[in-house]
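Trainee: Residue numbering for the sequence shown follows the UniProt record's numbering, starting at 1 and increasing by one per position. For each residue, glycine too, the CB sits at the ideal point set by N, CA and C. Because the structure is a prediction, the values reported are computed rather than measured.
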Amino acid sequence: MTVLFPALCKAIADIALAWVIGGVLFLLLAGPSSDAFLAAWQRRVQVGFLWAASIHLFVTAGLFIAQVAIATDMALLEIVAAGQTLESFGFDTHYGRITLARLALSLLLLLPTTILIRGWSRERQRSASIVTAGTAALIALIGPLAGHAAGEDDSRWLVPTYQLHVLAVSAWLGALPAWIWLVASVAVTPTETRRVYVAATLRRFSQLAIGFVVVVVASGLVLAFSSASSAGEWLGTTYGQLIITKLALLACILLVANRIRTRFLPVMETVGARPAAFLAGAGWAATEFFCGVLIVGCAAALSSVIPARHDQPIWWLPFRFSIEATWPAWPTPVIAAGAFSLALLSLFWGLLVCLRKRRKVKAVAAGAAAVISVAGGLSQISVQAYPDTYRRPSVAYSTISITNGKRLFAQNCADCHGSGGLGDGPAASTLPKPPANLSEPHTALHTVGDMFWWLSHGIPKSGMPGFADVLDEQARWDVINFLRTFSEGFQARLLSPEIIPDHPWLGAPNFFLEDENGAERELKDFREQSNVLLVFPEKSDAMRVKQLRLEQKRFRKERLWAIIVSPDAKLAAGVPNVRHGAQEVRESYDLLSRSTTNRGDPKRLEMGRRSMEFLIDRFGYIRARWLQEEDECGWENSDELVSRVRVLNRESKILPPPAQHVH
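#1: Return the chain-ordered list of same chain residues with a C-beta closer than 8 Å to the C-beta of residue 661, the five sequence neighbours on each side being excluded.
#2: Check whether the region 481-490 and the region 590-604 are in contact - that is, three or more C-beta pairs closer than 8 Å.
#3: For residue 536, write down the residues that DSSP places opposite it in a beta bridge.
#4: Considering residue 520, what are the terminal residues of the beta strand (DSSP E) in which it resides?
#5: Quick one: what does DSSP say residue 654 is sitting in, helix, strand or coil?
#6: With DSSP as the reference, label residue 6 as helix, strand or coil.
#7: According to DSSP, what are the bridge partners of residue 624?
#8: Report the option in 96, 564, 574 and 617 whose CA atom is closest to the CA atom of residue 527.
#9: Looking at the structure shown, is residue 170 part of a helix, part of a strand, or coil, going by DSSP?
#10: What are the start and end residues of the alpha helix (DSSP H) that includes residue 241?
#11: Which partner residues does residue 510 have in the DSSP bridge list?
#12: Counting only C-beta atoms, is residue 452 closer than 9 Å to chain B at any point?
#13: Using the beta-carbon count (16 or more within 10 Å), is residue 132 buried or exposed?
#14: Comparing C-alpha positions only, which one of 537, 636 and 559 sits nearest to residue 610?
#15: Starting from residue 142, follow the beta strand (DSSP E) in both directions and report where the run begins and ends.
#16: Since residue 431 and residue 401 should fall inside the 8 Å C-beta cutoff, what is the C-beta to C-beta distance between them, to a whole number of angstroms?
#17: Since residue 115 is in the alpha helix (DSSP H), which residue starts that stretch and which ends it?
#18: Is residue 570 near the ligand MG, going by C-beta to nearest heavy atom under 8 Å?
#19: According to DSSP, is residue 661 part of a helix, a strand, or is it coil?
#20: Using 8 Å for Cβ pairs, my map puts residue 242 next to residue 291. What's the rounded Cβ distance?
#21: Which residue spans inside the region 540-565 form an unbroken alpha helix (DSSP H) run of at least 4?
#22: For residue 382, name the three-state secondary structure that DSSP assigns.
#23: How close, in whole Å, do the beta carbons of residue 181 and residue 45 come, if the pair is a contact with beta carbons under 8 Å?
#24: Starting from the C-beta of residue 667, find all residues in its chain whose C-beta is less than 7 Å away, skip the five residues before and the five after it, and write them out in chain order.
#25: What's the C-alpha gap between residue 217 and residue 197?
#26: Which residues does DSSP pair with residue 459 in a beta bridge?
#27: By alpha-carbon positions, which one of 621, 502, 425 and 253 ends up nearest to residue 603?
#28: Buried or exposed for residue 541, please, with buried defined as at least 16 other CB atoms from any protein chain shown within 10 angstroms of its CB.
#29: For the pair the region 224-235 and the region 185-192, tell me if three or more CB-CB distances fall below 8 Å.
#30: Could you check the C-alpha separation between residue 65 and residue 96 for me, to the nearest Å?
#31: With the cut-off set at 9 Å, would you say residue 468 and residue 457 are in Cβ contact?
#32: By DSSP, does residue 604 sit in helix, in strand, or in coil?
#33: Under 8 Å, with one C-beta from each stretch per pair, do the region 163-183 and the region 16-30 reach the 3-pair mark?
#34: Where DSSP assigns a beta bridge to residue 531, which residues make up the other side?
#35: Which whole-angstrom value describes the C-beta separation of residue 497 and residue 624, a residue pair presumed to lie in contact below a C-beta threshold of 8 Å?
#36: Leaving out the 5 sequence neighbours to the left and right, which residues in its chain are closer than 8 Å to residue 561 when beta-carbon positions are compared?
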């Protein structure tokens, strides 16, 4: 009920509206005819507009009532009886206001469609046709304003693309019933005059339809790739699977349309064309229309399911493709590159063969060789996958989560993985396989979903047990957030006070802080606005804090905020600071303070730095680090710090926010 009925209603309403838009356009292209048979056909099509407009009105009203029933958890009859509920939902919600506007225009649409069947003068008929198409198009344009894209700030730019897509689909798909009706009718009672009329009409529509199809394909691809951006979203969510189905149906339509244009239209334009050719063309057009109806059904279903970016993907394949995880393993690059090169050569050979006649066997052989080569190449870059491989974390990447995960690791994992996470715990020798060294880079090559699956269900071959019965979901994500930070800490040893331009990669864990006025904020609040200098001082660093306090105005002009992390209220006074939760923030960032000269104690997870500073860009990535104990040249001179900040200010956005950029 919550998905099927609204989707069915929306599909029926959209097809009815498309029939009006495309049908009117087709009649305008066809033009008037003195032939009584063709005039009768036009009149029947115009009567169909009134039926379609009426269906759209009543189905849209029914859909609105059904959506109110779903939102309020009331029965349909109760909703109809309680007019106040419909009124409040209609006028107090964005969806309701858009729907009421569409209903008003749908009611207005009945007027010009009625005029069309009155048999008035040709000029009035043409004017009524234009008003009918314009009103229906306006209804179609309003629809996307209540969709998923319009409801989110970062996707509102897609609304015009969606509107253009809907108009193009309506004009093309809605014209097909009139196309089929005309061709099939003339095939039953053919004359040369009617054949000429049909051929001219179809040729004009075919030329216009090419433009519609180009718009449909281009806008459809933009909408598709904006709605789903990863393999998990494409294959692991209902939304993504519906998009793939739409694209597959669109490919079928393009093949059918090309066959009609290249094979049947030329035959219909031939003098003395047989009725069988007309019937065959109508049959193929009916196939095209049927696929189009299925596409509209998929689109209607998309409006009733959770968008891919908000749904939790469930991966159903036992493998996934990952160049990052497989390419370093020799000889994968050689084998994969060779296989893909062979595939390209096979395709090239196949194209050459297709240019010659009577070479079908060789063309099929070339295609088979290309498929086999691609399969061989893909097998080299495939890794094992699990249902949770593309699962999104339900716990934010924050310092509170990291420190809690660190504590849980010490309690549940250190016996095998070691107190320092290097895979050398006291129970390691009893396992079938040595535990993973969590400091090695390979831990960053697995998705967090892989880690969640292992942590929940274990790895039987290695002897690792599952912890689903020991740790709840939040606790498991806390452990994963800690492991991510711990592993990245060893990769972050190359950080220094210098910045590598245009190379962000290390996400900064989020935390809460207070500004100089005592207002609570989060680190992520500075994204897209300011860079952050995160300072962990000792009590003996009072002069450094004083320097930062005096430089605040200058820093703000350079889009830089200095934040002091210290439980000492006196030390951090007058500067944005972290006092409550300072220990969690220090412990988390301490994991990111390893250096090329100091990897840390192999028996401890933490480094225990006394003082350190991190420079975080305005997109949430740690770009530089100053360890006063080790780095000779740091940021004592504010001019040096400002010069680095200016480098960051010149950069544009390179990666998505760290919370989404998970390996």
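Mentor: Judging by the given coordinates:
#1: As a first step, residue 661 is located in the sequence shown; it is residue number 661 there, counting from the start. Any answer about residue 661 is weak, because its pLDDT of 46 lies below 50 and its placement is not dependable; what the coordinates show is given next. Around residue 661: 507 and 655.
#2: Yes, they touch.
#3: Numbered from its first residue, the sequence shown carries residue 536 at position 536. According to DSSP, which records beta bridges pairwise, residue 536 is partnered with 612.
#4: Taking the sequence shown and counting its residues from 1, one reaches residue 520 at position 520. Unbroken beta strand (DSSP E) run through residue 520: 520-522.
#5: For the purposes of this step, residue 654 is taken as the residue at position 654 of the sequence shown. In this structure, residue 654 counts as coil in the three-state DSSP scheme.
#6: Residue numbering aside, residue 6 sits at position 6 when the sequence shown is read from its first letter. Helix, per DSSP.
#7: Locating residue 624 in the sequence shown gives position 624, where the first residue counts as 1. Listed as beta-bridge partners of residue 624 by DSSP are 615.
#8: Within the sequence shown, the letter at position 527 stands for residue 527. The candidate whose alpha carbon is nearest that of residue 527 is 617.
#9: Walking along the sequence shown from the start, residue 170 turns up at place 170. Helix.
#10: The residue given as residue 241 occupies position 241 in the sequence shown. Where residue 241 is concerned, the enclosing alpha helix (DSSP H) stretches over 238-259.
#11: Residue 510 sits at position 510 when you count from the first residue of the sequence shown. Bridge partners of residue 510: 398.
#12: Looking for chain B here will not work: only one protein chain is present.
#13: Here residue 132 corresponds to residue number 132 of the sequence shown, with the count starting at 1. Buried.
#14: In the sequence shown, counting from the first residue as 1, residue 610 sits at position 610. Ranking 537, 636 and 559 by Cα distance to residue 610 puts 537 first.
#15: One-based indexing of the sequence shown puts residue 142 at position 142. That residue, residue 142, is in no beta strand (DSSP E); its alpha helix (DSSP H) goes 122-142.
#16: On the sequence shown, residue 431 is found 431 positions in, with the first residue counted as 1. On the sequence shown, residue 401 is found 401 positions in, with the first residue counted as 1. Incorrect: roughly 28 Å between the Cβ atoms, too far for contact.
#17: Here residue 115 refers to the residue found at position 115 of the sequence shown. From DSSP, the alpha helix (DSSP H) with residue 115 extends over 94-116.
#18: Judged by which ligands are present, the structure shown has none, so any question about the ligand MG falls away.
#19: On the sequence shown, residue 661 is found 661 positions in, with the first residue counted as 1. Residue placement at residue 661 is flagged as unreliable, the pLDDT there being 46, under the threshold of 50; a coordinate-derived value is accordingly withheld.
#20: Taking the first residue of the sequence shown as 1, we reach residue 242 at position 242. Taking the first residue of the sequence shown as 1, we reach residue 291 at position 291. About 15 Å separates the CB atoms of residue 242 and residue 291; that is not less than 8 Å, and the two are not in contact.
#21: As for any alpha helix (DSSP H) of minimum length 4 sitting wholly inside the region 540-565, the runs are 542-550 and 552-557, ordered along the chain.
#22: Here the question's residue 382 lines up with position 382 in the sequence shown. Strand at residue 382.
#23: What you label residue 181 is simply residue 181 of the sequence shown in a count that begins at 1. What you label residue 45 is simply residue 45 of the sequence shown in a count that begins at 1. 7 Å between Cβ atoms; contact.
#24: Any property of residue 667 remains undetermined from this structure, which presents the chain solely from 1 to 663.
#25: Here residue 217 is taken as the residue at index 217 of the sequence shown, counted from 1. Here residue 197 is taken as the residue at index 197 of the sequence shown, counted from 1. Their Cα atoms are separated by approximately 30 Å.
#26: For the purposes of this step, residue 459 is taken as the residue at position 459 of the sequence shown. In the DSSP assignment, residue 459 forms a beta bridge with 464.
#27: In the sequence shown, the residue the question calls residue 603 occupies position 603. The shortest Cα separation from residue 603 among 621, 502, 425 and 253 belongs to 425.
#28: Within the sequence shown, numbered from 1, the residue matching residue 541 stands at position 541. Buried, by the Cβ-count rule.
#29: No: fewer than three Cβ pairs fall under 8 Å.
#30: As a first step, residue 65 is located in the sequence shown; it is residue number 65 there, counting from the start. As a first step, residue 96 is located in the sequence shown; it is residue number 96 there, counting from the start. For residue 65 and residue 96, the distance between alpha carbons rounds to 10 Å.
#31: In the sequence shown, residue 468 corresponds to position 468, counting from 1. In the sequence shown, residue 457 corresponds to position 457, counting from 1. Contact: yes.
#32: On the sequence shown, position 604 is the one that residue 604 refers to. Residue 604: coil per DSSP, three-state reduction.
#33: Inter-segment contact for the region 163-183 and the region 16-30 is present: three or more beta-carbon pairs are separated by less than 8 Å.
#34: Position 531 of the sequence shown, counted from the start, is the residue given in the question as residue 531. In DSSP, residue 531 forms a bridge with 560.
#35: Here the question's residue 497 lines up with position 497 in the sequence shown. Here the question's residue 624 lines up with position 624 in the sequence shown. Contact holds; Cβ gap of about 6 Å.
#36: In the sequence shown, the residue the question calls residue 561 occupies position 561. Around residue 561, the same chain offers 526, 530, 531, 532, 533, 555 and 576 as residues with beta carbons nearer than 8 Å, after the five sequence neighbours per side are excluded.
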